[in-house]
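The structure appears right after this line, and notes come after that.
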Amino acid sequence: MKTENEIRVRFAPSPTGYIHVGNARTALFNWLFARQKGGVFVLRVEDTDIERSREEYERNLIQDLRWLGLDWDEGPDVGGKFGPYRQSERLDLYHRYAAKLLEEGKAYYCFCTPEELESQRQAALAEGRMPVYSGRCRNISLDEARRRLSAGEEGAIRLKVPEEGLIQFEDLVRGPVEFDLKLIGDPIIVRSNGMPAYNYAVVVDDALMNITHVIRGEDHVSNTPRQILLYQALGWKQPVFAHLSMVMGKDNTRLSKRHGATSVDQFRRDGILAEALCNYLSFLGWSPPEGNEVLRLEELVKLFDLSRVSRSAAIFDYEKLHWLNRQHIRLLPAEKKLELALPYLREAGLAGPELSPAQREWLEKAVTILVEGVDKFSELPQKFSLLFDFEPENLDQEARDIIQTDSARKVLGAFIQKTSGLKEFNYELFAALTGEIKKETGIKGKDLFHPLRVALTARASGLELDKFIPLVEAGAKLDFPQRIKSCLERIAEISSILRK
RNA sequence: GCCCCUGUCGUCUAGCCCGGCCUAGGACAUCGCCCUUUCAAGGCGGCAACACGGGUUCGAAUCCCGUCGGGGGCGCCA
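Following this note's numbering, the numbering of the first sequence begins with 1 at its first residue and continues without gaps.
What follows is the structure, given as structure tokens:
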């Protein structure tokens, strides 16, 4: 089924921590590109930095990407015909091609110590030059290098780069890009500890995995000429490159914890929908041609266009993410809303581990009503406190002011009196009673309803009472970990407080 | 310090390549109004930008140069 011009892209994170939204955007753009073009999306784990890579991070990474709704056709967990997909398992490949480059005189051993290199770099910086490797070990013959190696010296392998010339390439988002070779020193391709350097490993992997399009962050543009040089030295066809601008925080510095949530994991915990996150991430540097901006993954696949991607950095806007999240939540069916809300309600102690059918039904109704206007699911328990918490002795100033007016006292007095003998309460009854009070006292509108709201909710604002009362009445009959007080109980409490 | 990239409403952006259709469009945020017994949601409307300075041109957001701002890079990190 593999055709000659099959498009193959890859996302190649290093497992050194939780996946950042900037990386998630890169993954998403690769995925959208692949899916739109009917191509292949490869996940490759770049774990050659032994110091920082950890196995659990790889699991998190996979979990986060799957949660986002991105799937890959080849990868460490699903296999594929170009594997292995973990760089740590491809070491022999890197060594094989390094040996070839060495044999052909395109690479050489370098015995300069890190200290020497560092002082050269400092010297160059001090003189206002670009620090470029001096090429001191360039002319050490392979034979001599081998002797020194077997004598116990440590050496790294460097690629020989022409001293003059231009490296040019066409970047799918940045247009034509060129680099002066004078500013590029011979890069290390294999470290003295035997591990491949990033620039080298990527090239070997991308080439051997037949990657046709490399879509990655802007921080890699300056690596690109070195990598192109490597493709040339190895006689491989180079892929098409596309470099995405960075994602910044409000103050125009790289997005970090200071700015708020930054990891996919954290957004998930906060109750941001995967679809909303993807929708938002796709808008960082890109925008749909026209029309609706609330888009699901499949719609993004249709509309996405790399050539429309902006070259300048984008600032991450939590407000817009939240708006999109609200829109996506709204599109969810009620049972899905409940399913997503339940963990937050349980954690807040509002729902037990087991739900009776009646409880489930009630919660579904309550969630559907209360989730309106909520930025993310983690805010839901707060909203639920309107139903679960009733503390008339702790009224805030606003609520207190509302019930302290003369007309409010009149309204409440009448209301308490009319409800005193009641066994049952419901919204119809409430409507009838307020009608009577209106007729008897002449008080209407806000002056009539606002005190009653405070009496029933102990708050100055909240749900519409025609939604609130049925919900509270039904909820009071159910056995929740934290009991909901019925309207009549609430009225009794408030009347005893008013008497004081 | 040096090299490269980038600069349209507060934010994401459309328009820029192929100058006039731009009194610069959309979305988020904000403000106001409507709806509503409050809030929210929703509907309607308002405020708000071509970084600056020079050119080129009959005409520039669009082309050229410079300045300034922002970002990225300059590793035996990825």
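Even for Gly, the Cβ is constructed at its ideal location relative to N, Cα and C.
Grouping DSSP H, G and I as helix and E and B as strand, with all else coil, what is residue i?
i: Gln87; result: helix
i: Met1; result: With a pLDDT of only 46 at Met1, under the threshold of 50, the placement of this residue in the model should not be trusted; the figure read from the coordinates follows. In this structure, Met1 counts as coil in the three-state DSSP scheme.
i: Ser256; result: coil
i: Asp396; result: coil
i: Ala334; result: helix
i: Tyr108; result: strand
i: Ser245; result: coil
i: Ser486; result: coil
i: Phe11; result: strand
i: Leu463; result: coil
i: Gly22; result: helix
i: Ala366; result: helix
i: Pro225; result: helix
i: Asp447; result: helix
i: Gly217; result: strand
i: Pro76; result: coil
i: Leu234; result: helix
i: Gln404; result: coil
Roughly how far, in whole angstroms, is the beta-carbon of residue i from the beta-carbon of residue j, given that I think they are within contact range, below 8 Å?
i: Ser192; j: Glu154; result: 4 Å
i: Pro15; j: Val45; result: 6 Å
i: Tyr109; j: Asp186; result: 11 Å between Cβ atoms; not a contact.
i: Ile19; j: Leu61; result: 5 Å
i: Gly217; j: His243; result: 7 Å
i: Ala276; j: Asn325; result: 4 Å
i: Tyr94; j: Pro196; result: 4 Å
i: Phe304; j: Phe33; result: 7 Å
i: Gln473; j: Phe425; result: Residue identity differs from the one stated: residue 473 is Glu in this sequence, not Gln. At roughly 6 Å, the Cβ-Cβ gap stays under 8 Å, so Glu473 and Phe425 are in contact.
Buried or exposed for residue i, please, with buried defined as at least 16 other CB atoms from any protein chain shown within 10 angstroms of its CB.
i: Ser496; result: exposed
i: Gln168; result: exposed
i: Pro162; result: exposed
i: Lys383; result: buried
i: Glu74; result: buried
i: Thr405; result: exposed
i: Leu182; result: A small fix is needed here, since residue 182 is Lys in this sequence, not Leu. Counting Cβ neighbours within 10 Å, Lys182 comes out exposed, since fewer than 16 surround it.
i: Leu501; result: Absent from the model: residue 501. The displayed extent of the chain is 1 to 500, so no value can be given.
i: Ser486; result: buried
i: Leu125; result: exposed
i: Gly442; result: exposed
i: Gln232; result: exposed
i: Gln87; result: buried
i: Ala358; result: exposed
i: Asp64; result: buried
Less than 7 Å between the CB of residue i and some heavy atom of the ligand HEM, yes or no?
i: Thr434; result: The model depicted lacks the ligand HEM and carries no ligand whatsoever.
Could you work out which residue in the options is closest to residue i when comparing CA atoms only?
i: Leu452; options: Glu361, Ile184, Ile491 and Asn325; result: Ile491
i: Arg52; options: Gly80, Val40 and Gly17; result: Gly17
i: Lys160; options: Thr457, Asp447 and Ile189; result: Ile189
i: Ser378; options: Val173, Leu303, Arg268 and Lys106; result: Arg268
i: Asp251; options: Leu284, Ala314 and Asp206; result: Ala314
i: Phe29; options: Lys337, Pro13 and Trp286; result: Trp286
i: Lys237; options: His220, Ser222 and His213; result: His213
Counting only the same chain and skipping the five closest in sequence on each side, list residues whose C-beta sits under 8 Å from that of residue i.
i: Met1; result: In this prediction, Met1 scores a pLDDT of 46, lower than 50, which makes its location untrustworthy; the coordinate-derived value is nonetheless stated afterwards. Answer for Met1: no residue qualifies.
i: Leu102; result: Tyr108, Tyr109, Leu142 and Ile157
i: Trp67; result: Val264, Arg268 and Ala274
Once you ignore the five residues that flank residue i on each side, which residues in its own chain have a CB closer than 6 Å to its CB?
i: Leu370; result: Lys383
i: Arg310; result: In the sequence under discussion, the amino acid at residue 310 is Ser, which differs from the Arg named in the question. Counting only Cβ-Cβ distances below 6 Å, and skipping sequence neighbours, we find Gly285.
Which residues in the same chain have their Cβ closer than 7 Å to the Cβ of residue i, if we skip the five residues on either side of it in sequence?
i: Leu412; result: Ile403, Pro451, Ala455 and Leu498
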